[in-house]
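Take a look at the structure set out below.
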Amino acid sequence: MTTAARISYAFMLLMLLAVLVFNMGHVVLAALFSFMFMEMFFRAVRLRVTGAAAARWIAAVAFVITATLLLMIFLRFIKQTLRTLPDIVEVALPQVMALAQKYGLDLPFANFQDLREFANDKILVNAMSITKASTLLTKEVFHMVIGVVASVLFFLGGKTPKYEPNLFDAVRKETNLRIRKFVYSFEKVFGAQIAISGINTVLTGLFLHFIAMPHFAFLTTMTFIIGILPIIGNIITNTVIVVTALGISFNQALMALAFLIFIHKFEYFLNSKIMGSSVNLPMWQILIAVLIGNTIMGVPGIMLAPAILHYIKSELQSIPWTQPRIIANHTTAV
Numbered sequence: 141m142t143t144a145a146r147i148s149y150a151f152m153l154l155m156l157l158a159v160l161v162f163n164m165g166h167v168v169l170a171a172l173f174s175f176m177f178m179e180m181f182f183r184a185v186r187l188r189v190t191g192a193a194a195a196r197w198i199a200a201v202a203f204v205i206t207a208t209l210l211l212m213i214f215l216r217f218i219k220q221t222l223r224t225l226p227d228i229v230e231v232a233l234p235q236v237m238a239l240a241q242k243y244g245l246d247l248p249f250a251n252f253q254d255l256r257e258f259a260n261d262k263i264l265v266n267a268m269s270i271t272k273a274s275t276l277l278t279k280e281v282f283h284m285v286i287g288v289v290a291s292v293l294f295f296l297g298g299k300t301p302k303y304e305p306n307l308f309d310a311v312r313k314e315t316n317l318r319i320r321k322f323v324y325s326f327e328k329v330f331g332a333q334i335a336i337s338g339i340n341t342v343l344t345g346l347f348l349h350f351i352a353m354p355h356f357a358f359l360t361t362m363t364f365i366i367g368i369l370p371i372i373g374n375i376i377t378n379t380v381i382v383v384t385a386l387g388i389s390f391n392q393a394l395m396a397l398a399f400l401i402f403i404h405k406f407e408y409f410l411n412s413k414i415m416g417s418s419v420n421l422p423m424w425q426i427l428i429a430v431l432i433g434n435t436i437m438g439v440p441g442i443m444l445a446p447a448i449l450h451y452i453k454s455e456l457q458s459i460p461w462t463q464p465r466i467i468a469n470h471t472t473a474v
């Protein structure tokens, strides 16, 4: 391994540590999403447009339009969530209270109004923390915007670099290679997760339509959007679906739970196939990476951890390794 390559690996490690120490996972995630979508658009139009610069500008404009539409859809989904979840809880609460009474569980509320007051009390008690969290959220959104803008500027200036025969340019070349590998790893992992979430959404949507589940559009949209989060996304969507079914009847909730268990047993096999063919990572490794990522960086860590794992694996596989020979010790009897 050359000196420039060693320095580039050290630089990547320092950048990763900086992201962890300064909690900048959301910025990296925004920049990676932006660059990935622009690269996809660029590859789609490159063969149809004369000139790489024109293709890059078209890809950047297409990304801005797509990002704006996705943001509008996401904000509408958030608004729908805030309107729908209280309805789901209010309808399901009598069943929850009946089950709690049947099994002798003591809940801090007896009806929806008590639950609302209980939630309001918790909000008042934690008002300082909520204010601090909203301030941090505003700051994080600002940082994400900077990450997106930096990604767009980097993409538009993406000319083939010229390297001079010196250590600085050698390190720059190796570092660019490291970054390209990491972006490729993120694209592979995220593409696989999109495919998994899409299949899960179709199967779940068919089941919800078959049993005439209330809030069908909201639950289906939630299954896809939240399902993009590896592993934990399924836990969240399954909980909301079962609670919604509980509002109809206990038997309906059991039916929904049985279907979700069955479909996720099938998905475990499907995940292994998709992840195996796309990123060649077993599910247990992804699960451990997601748990570590969530502990360190929260939600951004959930999405970045599998990509980091794939990147580390691809880098290690690119380094040649020769098994050292073991020389047996021979002693001569005297």
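Note that the sequence shown covers residues 141 to 474 in my numbering. Each residue gets a CB set at the ideal place from its N, CA and C atoms; glycine is no exception.
Let me know the secondary structure DSSP gives W424 once reduced to three states.
Correct three-state label for W424: helix.
Distance check for K302 and L400, CA to CA, integer angstroms please.
Each residue's Cα considered, the two are about 54 Å apart.
Give a yes or no on contact between the segment 376 to 394 and the segment 353 to 365, applying the rule of three or more CB pairs nearer than 8 Å.
Judged by Cβ distances under 8 Å, the segment 376 to 394 makes contact with the segment 353 to 365, as three or more pairs qualify.
Can you tell me whether M155 is helix, strand or coil according to DSSP?
In the structure shown, M155 sits in a helix (DSSP, three-state: H, G or I).
Where does A398 land, buried or exposed, given buried means 16+ other C-beta within 10 angstroms?
The residue in question, A398, is exposed, as its Cβ has fewer than 16 Cβ neighbours within 10 Å.
Kindly indicate the opening and closing residues of the alpha helix (DSSP H) around K321.
Where K321 is concerned, the enclosing alpha helix (DSSP H) stretches over L307 to F350.
Find the nearest neighbour of K328 within the set S454, I228 and M155, judged by alpha-carbon distance.
Of the candidates S454, I228 and M155, the one whose C-alpha sits nearest the C-alpha of K328 is S454.
Quick one: what's got a C-beta closer than 8 Å to V189's C-beta in the same chain, skipping five residues either side?
Around V189: A195 and I198.
If the criterion is Cβ atoms closer than 9 Å, does the pair G191 and L444 meet it?
Their beta carbons are not under 9 Å apart, which means G191 does not touch L444 by this criterion.
Is it the case that the segment 359 to 379 contacts the segment 340 to 349, given that we only count it when at least three CB pairs across the two stretches are under 8 Å?
Yes, since at least three Cβ pairs between the segment 340 to 349 and the segment 359 to 379 fall closer than 8 Å, the two stretches touch.
If distances are taken between C-alpha atoms only, which option among S337, F151, S291 and G338 comes closest to V204?
Per the Cα distances, S291.
Determine the DSSP secondary structure at S389, reduced to helix, strand or coil.
Residue state, collapsed to three classes: coil.
Let's test the definition: count the other Cβ atoms within 10 Å of the Cβ of E515 and tell me whether it reaches 16, buried, or not, exposed.
Here the chain covers residues 141 to 474 and nothing more, so residue 515 does not appear.
Between which two residues does the alpha helix (DSSP H) holding G441 run?
Residues V439 to S458.
Looking at C-beta atoms only, is the number of pairs between the segment 279 to 298 and the segment 174 to 183 that lie closer than 8 Å three or more?
Because the criterion of three Cβ pairs below 8 Å is met, the segment 279 to 298 and the segment 174 to 183 touch.
Cα separation between S458 and M395?
Spanning the two alpha carbons is a distance of roughly 48 Å.
Please report the distance separating the alpha-carbon of L307 from that of I428.
Spanning the two alpha carbons is a distance of roughly 38 Å.
Using three-state DSSP, classify E304 as helix, strand or coil.
If DSSP states are grouped into helix, strand and coil, E304 belongs with coil.
Count the other CB atoms, across all protein chains shown, that sit within 10 Å of the CB of A238; report buried if there are 16 or more and exposed otherwise.
By the 10 Å Cβ count, A238 comes out exposed.
What residues in its chain sit with their C-beta under 8 Å from that of L296, if we drop five residues either side in the sequence?
Same-chain partners within the cutoff: R196, W197 and A200.
Can you give the Cα-Cα distance for V159 and M437, rounded to whole angstroms?
Whole-angstrom Cα-Cα distance: 9 Å.
Give the secondary structure of W197 by DSSP, where H, G and I count as helix, E and B as strand, and everything else as coil.
Residue state, collapsed to three classes: helix.
If I measure Cβ to Cβ from A171 and keep anything under 6 Å in the same chain, skipping five residues before and after, which residues do I get?
Counting only Cβ-Cβ distances below 6 Å, and skipping sequence neighbours, we find G287 and S291.
Considering only their Cβ atoms, is the gap separating A310 from A144 smaller than 9 Å?
Closer than 9 Å, so yes.
Can you give me the Cβ contacts of F390 inside the same chain, cut-off strictly under 7 Å, excluding the 5 residues immediately before and after it?
Correct list, in chain order: Q235.
Which residue comes first and which comes last in the alpha helix (DSSP H) that contains T360?
Element bounds for T360: F356 to G367.
Are I448 and S325 close, meaning C-beta to C-beta below 9 Å?
In contact: I448 and S325 (Cβ atoms closer than 9 Å).
Specify the secondary structure class of T462 as computed by DSSP and reduced to three states.
Correct three-state label for T462: coil.
Check whether the Cβ atoms of T377 and S148 lie closer than 9 Å to each other.
For T377 and S148, no; Cβs fall outside 9 Å.
Only counting the same chain, and skipping five residues up and downstream in sequence, which positions put a Cβ closer than 6 Å to that of T142?
For T142, where only same-chain residues beyond five positions count, there are no Cβ hits under 6 Å.
Rounded to whole angstroms, what's the CA-CA distance from F406 to A193? Just pull it up for me.
So the two alpha carbons sit approximately 45 Å from each other.
Please determine whether the Cβ atom of I448 lies at a distance below 8 Å from any heavy atom of the ligand ATP.
Among the ligands in the structure shown, none appear at all, so the ligand ATP cannot be discussed.
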